[in-house]
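The numbers in the numbering used here rise by one with no breaks, and the one at position 23 of the sequence shown is 26.
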Amino acid sequence: MRAALYIRVSTEDQAREGYSLAAQEEMLRAYCDAQDWEVADIYADDGYSGRSTNRPEYRRMIEERDRWDCVLVLKMDRIHRNSKNFMAMMEDLGSWDKTFSSSTESLDTSNALGRFVMDMIQRIGQLESEQIGERTYMGMREKAESARGILGFRVPYGYRLDNGILIPDEEEAPNVQWMFSSYLEGSSLSSLAYALNNHKDLSTRKGNPWTVHNVRSILHNPVYVGHLRWEGMIIPSDHRQLVSQEVFNQVQEMMASRARNPAQRRFLRLPDELSSSIDMEGLMRAYEGKRRPSKDLKVKAEYKE
């Protein structure tokens with residue numbers, strides 16, 4: 004029997020004793036020795052959730068199914084935490100004349116009772132995973148409402164993360180300031196994207212060309228004026244801002260004034276003081292066309308503390 008040893012840890016599992024990749028591999032190799040099975044290969048997904056099949060090593064294992072006869076895991080929740088995905092995999096294995104085995108769970112999938120028990124174990128694992136997600140979300144929302152610390156999100160362009168604190172990136176921060184000042188001077192989103200790609204010869208963090216969507220996202224992001232945005236909330240933060248609040252508000256109003264669709268002429272206006280988290284909808288304003296934002300306001304070159 005040629006066994007494909009699948010091992011996985013996610014962020015949630017890494018702190019649990021006995022769930023390390025090395026520990027899983029050691030136990031599975033010992034199981035293969037006891038069963039006199041051949042180890043075809045090790046497929047290790049480090050830091051990936053079991054709720055999705057979008058895992059590089061899992062996909063490689065499926066693509067290399069001609070190399071093995073059985074998928075071996077330490078526990079069923081190592082390979083899937085979603086019962087639908089698990090049952091779909093079992094159907095595929097059956098159609099390929101392959102088998103599945105768990106070294107710590109003795110289940111006979113050749114009969115109806117065994118398949119029923121396996122399905123129940125999977126559903127319990129899925130319930131546990133969803134409960135962890137719910138508790139994590141509730142904790143993050145409480146943290147957001149009390150305006151405490153950095154929440155889980157991608158570090159925005161123009162910043163880097165240092166010990167949990169957003170710090171201006173020396174190379175990227177000036178580009179952010181240039182976008183705000185150029186827009187105030189009358190440049191369009193498309194012209195800014197063109198200039199970033201051609202005149203400045205810059206690319207996004209992912210190495211892709213700049214687009215109107217990228218530029219719009221930066222100009223709309225309150226992180227550059229010292230606030231965080233999470234789940235429809237604006238949260239005050241103590242990280243260094245790259246542009247002033249006045250500049251940010253002017254840019255928001257100017258963008259609203261340029262919207263062709265009247266329904267899109269709403270913009271975020273930050274108050275002079277924001278000491279606690281607030282629902283972003285309460286800060287939205289409708290552009291009434293009574294005045295055009297000033298183009299004389301410049302973005303300061305220095306970072307504002």
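Ideal Cβ positions, reconstructed from N, Cα and C, are used throughout, including at glycine.
Inset, instruction - Using a threshold of 8 Å, state whether the C-beta atoms of Arg84 and Arg58 are closer than that. - result: Result no, Cβ atoms of Arg84 and Arg58 do not sit closer than 8 Å.
Inset, instruction - Could you check if Ser105 is buried or exposed, using at least 16 other CB atoms within 10 Å of its CB as the buried criterion? - result: buried
Legend entry - Residues near His242 by beta carbon distance below 6 Å, same chain, minus five either side: Closer than 6 Å at the Cβ level, and outside the excluded window around His242, lie Leu169.
Legend entry - Given Glu174 as reference, the closest of Phe183, Arg163, Gly50 and Ser184 once Cα atoms are compared: Arg163
Legend entry - For Asp48, the nearest candidate out of Trp213, Thr107, Asp69 and Ala25 (CA to CA): Nearest option by C-alpha distance: Ala25.
Legend entry - For Ile221 and Val179, believed in contact at Cβ under 8 Å, the rounded distance: 6 Å
Legend entry - CB of Leu245 within 8 Å of CB of Tyr227, strictly: yes
Inset, instruction - Please report how far the alpha carbon of Ser101 lies from the alpha carbon of Trp40, in whole angstroms. - result: A small correction: the amino acid at residue 101 is Lys; Ser does not occupy that position in the sequence shown. Rounded to the nearest angstrom, the two C-alpha atoms are 14 Å apart.
Inset, instruction - Check each candidate in Ser184, Ala196 and Gln38 and name the one with the smallest Cα separation from Asn211. - result: Ala196
Inset, instruction - Would you check if there are 3 or more beta carbon pairs closer than 8 Å linking the segment 25-39 to the segment 85-99? - result: A contact between stretches requires three or more CB pairs, one per stretch, nearer than 8 Å, and the segment 25-39 fails this requirement with the segment 85-99.
Legend entry - Alpha-carbon spacing of Gln253 relative to Leu187, whole angstroms: 8 Å
Inset, instruction - Would you mind reading off the limits of the alpha helix (DSSP H) that contains Pro159? - result: Where Pro159 is concerned, there is no enclosing alpha helix (DSSP H), given that its DSSP letter is neither H nor E.
Inset, instruction - Answer with buried or exposed for Asp80, where buried requires no fewer than 16 other C-beta atoms within 10 angstroms of its C-beta. - result: buried
Inset, instruction - May I have the straight-line CA-CA distance separating Arg70 from Ala43, to the nearest angstrom? - result: For Arg70 and Ala43, the distance between alpha carbons rounds to 7 Å.
Legend entry - Straight-line Cα distance separating Ser191 from Arg91: Here the sequence assigns Ala to residue 91, which means Arg is not the residue at that position. When rounded, the distance between both Cα atoms is 49 Å.
Legend entry - Nonlocal neighbours in the same chain, by C-beta distance under 7 Å from Arg219, ignoring five residues either side: Leu192
Inset, instruction - Write down every uninterrupted run of the beta strand (DSSP E) in the segment 46-76 whose length is 3 residues or greater and which is fully enclosed by it, in chain order. - result: 73-76
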